[in-house]
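Q:
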Amino acid sequence: MDRFVFLTFDGLSRGAVYAAFALALVLIWRATRIVNFAQGAMAVATAYVGYSVSAATGSYWLGFAVAVLGGLLLGAVTERVVMRLVDHSSHLNGVVVALGLVLVIQGVLGMIYGNEFRPAEAPFSREAFTVGGIALLSRFDLFVFGAVFLVVALLVVLFTRTSVGLRMRASAFAPDVSRLLGVNVGGMLTLGWALAAAVGSLAGMLVLPTELGLHPNAMDIVFVSSFTAAVVGGLDSAVGAVAGGLIVGLLLSYVSGYLGATVAPIAVLLLLVVVLLGRPGGLFSRSAARAV
Amino acid sequence: MTRPAPATDPDSDGLSLHRIGVRFGGLVALDDVSLRVPPGRTVGVIGPNGAGKTTLFNVVCGFVTPTTGTITLDGRALRPRPHRLARLGIARTLQGVGLFGGLTVLENVMVGAEHAGRRPESAWEALERCGVTPQAHALPGGLPYAVRKRVALARALVAQPRLLLLDEPAGGLGADEIAELGELITGLPCAVLLVEHHMDLVMAVCDEILVLDFGKPVAHGTPAEIRTDQAVVDAYLGAAA
Chain F
1 MDRFVFLTFD GLSRGAVYAA FALALVLIWR ATRIVNFAQG AMAVATAYVG
51 YSVSAATGSY WLGFAVAVLG GLLLGAVTER VVMRLVDHSS HLNGVVVALG
101 LVLVIQGVLG MIYGNEFRPA EAPFSREAFT VGGIALLSRF DLFVFGAVFL
151 VVALLVVLFT RTSVGLRMRA SAFAPDVSRL LGVNVGGMLT LGWALAAAVG
201 SLAGMLVLPT ELGLHPNAMD IVFVSSFTAA VVGGLDSAVG AVAGGLIVGL
251 LLSYVSGYLG ATVAPIAVLL LLVVVLLGRP GGLFSRSAAR AV
Chain H
1 MTRPAPATDP DSDGLSLHRI GVRFGGLVAL DDVSLRVPPG RTVGVIGPNG
51 AGKTTLFNVV CGFVTPTTGT ITLDGRALRP RPHRLARLGI ARTLQGVGLF
101 GGLTVLENVM VGAEHAGRRP ESAWEALERC GVTPQAHALP GGLPYAVRKR
151 VALARALVAQ PRLLLLDEPA GGLGADEIAE LGELITGLPC AVLLVEHHMD
201 LVMAVCDEIL VLDFGKPVAH GTPAEIRTDQ AVVDAYLGAA A
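Heads up: the protein sequence lines correspond to chains F and H, in order. The UniProt record's numbering applies: residue 1 is where the first sequence begins, and numbers increase by one. The UniProt record's numbering applies: residue 1 is where the second sequence begins, and numbers increase by one.
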């Protein structure tokens, strides 16, 4: 029982990060119908910069802010300089370019920082509080929950309560009609990529301290888990991404805890296969509503 | 609803198309078409299917770049770009309605209002004017076609345009609905450029009418003149009768 409780909290904590990362994938998917395979590499790149700033200034939080703001910038630049030039007659083109970006970013990071793991410190203790002899959550886990909750809340407010959010949704639904109504669709796309990349960078800063540390490929496994989470949720649905993230987090935690860490990646793939076979549109798909 | 001054400004001469030609490869979609839509007036464009009516709209909206000819707005050369239209005070409805399926009726109209930084109240005013206030919080997908067309009209009107482009607004509507639509169009304070098949509506609401056939202007005049024009009767009305 103790073990189950611990694994549940651990799974929810990891799941929260997957949820944030999956949310970033959904943001770009909804706006462009592209799965941004480069999102993991982009997050690592900003994390490297963030930790470099932390090392140079001695302030973790300054580095944290630089990483997240760097994500905002990197996302906007990626859309303006790379994605905008891609031929949009097929969505596959954008996906292939994103895969190419992964190689470029990982290659450049390897040249600058080297291909070995570097420590990624956590801002809070990762030692779990024990209540009645049961290990529950660490301060860092609480920080993860708080940060992800804040991001989700901000995105909900942005998309449902603000005019910019309304214009972003309209652009995603029907770009040509939106243009006729005076919406700057290109600007909304840039903003979407910037926000998604910033959320991805945040997720990177939350997950890297719990992994082996900084490495050009450090987010590859996180990407696979988060992509699974997004697909489980239906790729189109923000709620689905969050739910999918938590499901994948719990699954990974239970499987690692009870069956061993080596089985965990297989469990994620199995989940992906089961969901795609049973509900190809994902658990929370709104694709039927979009088709109208 | 308060109206901006330009609609009645005597110095402004509205939208002018001068000798517009459009070719798609070997196909001549528009050939030497000239048209003026003065402020506050309603101008209709009619013609059989494939006559170039929608192409004419697409030229004004910037979706199609004319091969020849010029467009002016208030005497100034206009190079239309879709996203700049709203800023120029031009709004358009689409043949296929073109509502955002995942946004509520109110949100759909709000997107049209956002550009000009208008208050949410103006969205309600537009809904009210088009008689779709009760459906404000519904998703458009579940609404009857006639209601969706009204929502699309509300979305075009919310920015308080000085020129409204209506692309077959009567398409798919019943006789009563068309009569109501006619009253609504007649009551609009802005200039209207109307592309429509439904002759009764066109004759009822338009101050002047341009008739196109295979991209060429066949006749141009008041509804009374068009009704008796032999070329029009041959090309269009005669064929329809």
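Glycine included, every Cβ here is placed at the ideal spot set by N, Cα and C.
If we count the other Cβ atoms within 10 Å of its Cβ and call it buried at 16 or more, is Gln160 (chain H) buried or exposed?
A: The residue in question, Gln160 (chain H), is buried, as its Cβ has 16 or more Cβ neighbours within 10 Å.
Q: Pick from F:Gly281, F:Asn217, F:Val199: whose alpha carbon is nearest that of Leu103 (chain F)?
A: Cα-wise, what sits closest to Leu103 (chain F) is F:Asn217.
Q: Quick one: which unbroken alpha helix (DSSP H) runs of 4-plus residues sit fully inside the segment 174 to 239 of chain H? Chain order, please.
A: Runs of the alpha helix (DSSP H) inside the segment 174 to 239 of chain H: 175 to 186, 199 to 205, 223 to 228.
Q: Based on Cα-Cα distance, which residue from H:Asp167, H:Ala77, H:Leu212 lies nearest to Thr93 (chain H)?
A: Cα-wise, what sits closest to Thr93 (chain H) is H:Asp167.
Q: Thr72 (chain H) and Leu15 (chain H) - do their beta-carbons sit closer together than 9 Å?
A: In this structure, Thr72 (chain H) lies closer than 9 Å to Leu15 (chain H) by Cβ.
Q: Going by Cα to Cα distance, which pick from H:Arg227, H:Val97, H:Gly101 is closest to Pro169 (chain H)?
A: Looking at the Cα atoms, H:Val97 is the closest of the given residues.
Q: Please list, in chain order, all residues of the same chain as Ala55 (chain F) whose beta carbon is under 8 Å from its beta carbon, the five residues on each side excluded.
A: Cβ neighbours of Ala55 (chain F) beyond the five flanking positions: Gly63.
Q: Ile247 (chain F) and Gly15 (chain F): beta carbons closer than 9 Å?
A: Their beta carbons are under 9 Å apart, which means Ile247 (chain F) touches Gly15 (chain F) by this criterion.
Q: Using the C-alpha atoms, what's the distance from Ser237 (chain F) back to Val232 (chain H)?
A: Distance between the alpha carbons of Val232 (chain H) and Ser237 (chain F): 53 Å.
Q: Against chain F, with Cβ distances strictly below 9 Å, would Pro82 (chain H) count as a contact?
A: At least one chain F Cβ lies under 9 Å of Pro82 (chain H).
Q: Between which two residues does the alpha helix (DSSP H) containing Arg179 (chain F) stretch?
A: Run containing Arg179 (chain F): 175 to 180, per the alpha helix (DSSP H) assignment.
Q: Residues bridged to Ala77 (chain H) by DSSP?
A: Note: Ala77 (chain H) sits in a beta bridge opposite H:Thr72.
Q: For Ala289 (chain F), which residues in the same chain have their Cβ closer than 7 Å to its Cβ, ignoring the five residues on either side in sequence?
A: Because the pLDDT at Ala289 (chain F) is just 42, under 50, the model does not fix this residue reliably, and the value given afterwards should be weighed accordingly. Hits under 7 Å: none found.
Q: Taking 9 Å as the CB-CB cut-off, is Val183 (chain F) touching chain C?
A: The chain inventory of the structure shown lacks chain C, comprising the protein chains F and H.
Q: Select from H:Glu125, H:Gly75, H:Ala29, H:Arg119 the residue whose C-alpha is nearest the C-alpha of Leu17 (chain H).
A: The residue with the shortest Cα to Cα distance from Leu17 (chain H) is H:Gly75.
Q: Measure the alpha-carbon distance for Phe149 (chain F) versus Val199 (chain F) and round it to whole angstroms.
A: Spanning the two alpha carbons is a distance of roughly 12 Å.
Q: By the three-class DSSP mapping on this structure, what secondary structure does Gly21 (chain H) have?
A: If DSSP states are grouped into helix, strand and coil, Gly21 (chain H) belongs with the strands.
Q: Since Val81 (chain F) is in the alpha helix (DSSP H), which residue starts that stretch and which ends it?
A: No alpha helix (DSSP H) holds Val81 (chain F); DSSP gives it neither H nor E.
Q: Does Pro6 (chain H) have its Cβ less than 9 Å from a Cβ in chain F?
A: The predicted position of Pro6 (chain H) is uncertain, since its pLDDT is 43 and thus under 50; no value can be drawn from it.
Q: Hey, would you say Cys206 (chain H) sits closer than 9 Å to Gly44 (chain H), going by beta carbons?
A: Result yes, Cβ atoms of Cys206 (chain H) and Gly44 (chain H) sit closer than 9 Å.
Q: Near Val86 (chain F), which residues of its chain fall below 6 Å by C-beta distance, leaving aside the five closest residues on each side in sequence?
A: Taken in chain order, the residues that qualify are Asn93, Gly94, Val97.
Q: Please report how far the alpha carbon of residue 242 (chain H) lies from the alpha carbon of Gly187 (chain H), in whole angstroms.
A: As displayed, chain H neither begins before 1 nor continues past 241, which places residue 242 (chain H) out of reach and without an answer.
Q: Thinking C-beta only, is Gly204 (chain F) closer than 9 Å to Val222 (chain F)?
A: Yes; because the gap between Cβ atoms is below 9 Å, this pair is in contact.
Q: Looking at chain F, is there any beta carbon in it that lies within less than 9 Å of the beta carbon of Leu103 (chain H)?
A: It does; some Cβ of chain F falls within 9 Å.
Q: Who does Ser90 (chain F) pair with in a DSSP beta bridge?
A: Note: Ser90 (chain F) sits in no beta bridge, so no partner.
Q: Specify, as a first and last residue, the run of the beta strand (DSSP E) that Phe129 (chain F) falls within.
A: It spans 128 to 131 - the beta strand (DSSP E) in which Phe129 (chain F) sits, taken as one unbroken run.
Q: Report yes or no: do the segment 14 to 30 of chain F and the segment 262 to 273 of chain F share at least 3 C-beta pairs separated by less than 8 Å?
A: As far as the Cβ criterion goes, the segment 14 to 30 of chain F does not touch the segment 262 to 273 of chain F, which means the pair count is below three.
Q: Smallest Cα separation from Ala197 (chain F): which of F:Met1, F:Ala43, F:Phe37?
A: Of the candidates F:Met1, F:Ala43, F:Phe37, the one whose C-alpha sits nearest the C-alpha of Ala197 (chain F) is F:Ala43.
Q: So Arg87 (chain H) contacts chain F; which residues on that side make the cut at Cβ distance below 9 Å?
A: Gly182, listed in chain order.
Q: Answer with yes or no whether the minimum CB distance from Leu259 (chain F) to chain H is below 9 Å.
A: It does not; no Cβ of chain H falls within 9 Å.
Q: How many angstroms separate the CA atom of Ile134 (chain F) from the CA atom of Gly11 (chain F)?
A: Distance between the alpha carbons of Ile134 (chain F) and Gly11 (chain F) is about 15 Å.
Q: Along chain F, which residues have their Cβ under 7 Å away from the Cβ of Gly112 (chain H)?
A: By Cβ distance, chain F contributes Leu181.
Q: What residues from chain F crowd round Cys61 (chain H), counting only those whose CB sits closer than 8 Å?
A: Ordered by position in chain F, the residues that pass the 8 Å Cβ test against Cys61 (chain H) are Leu180.
Q: Leaving out five residues on either side along the sequence, give the residues of the same chain with a beta carbon under 7 Å from the beta carbon of Val183 (chain F).
A: Contacts found: Arg167, Ala170, Ser171.
Q: With the cut-off set at 9 Å, would you say Ala136 (chain H) and Leu143 (chain H) are in Cβ contact?
A: Contact flag unset, no.
Q: Does any C-beta atom of chain F lie closer than 9 Å to the C-beta of Leu193 (chain H)?
A: So no, Leu193 (chain H) is outside the interface.
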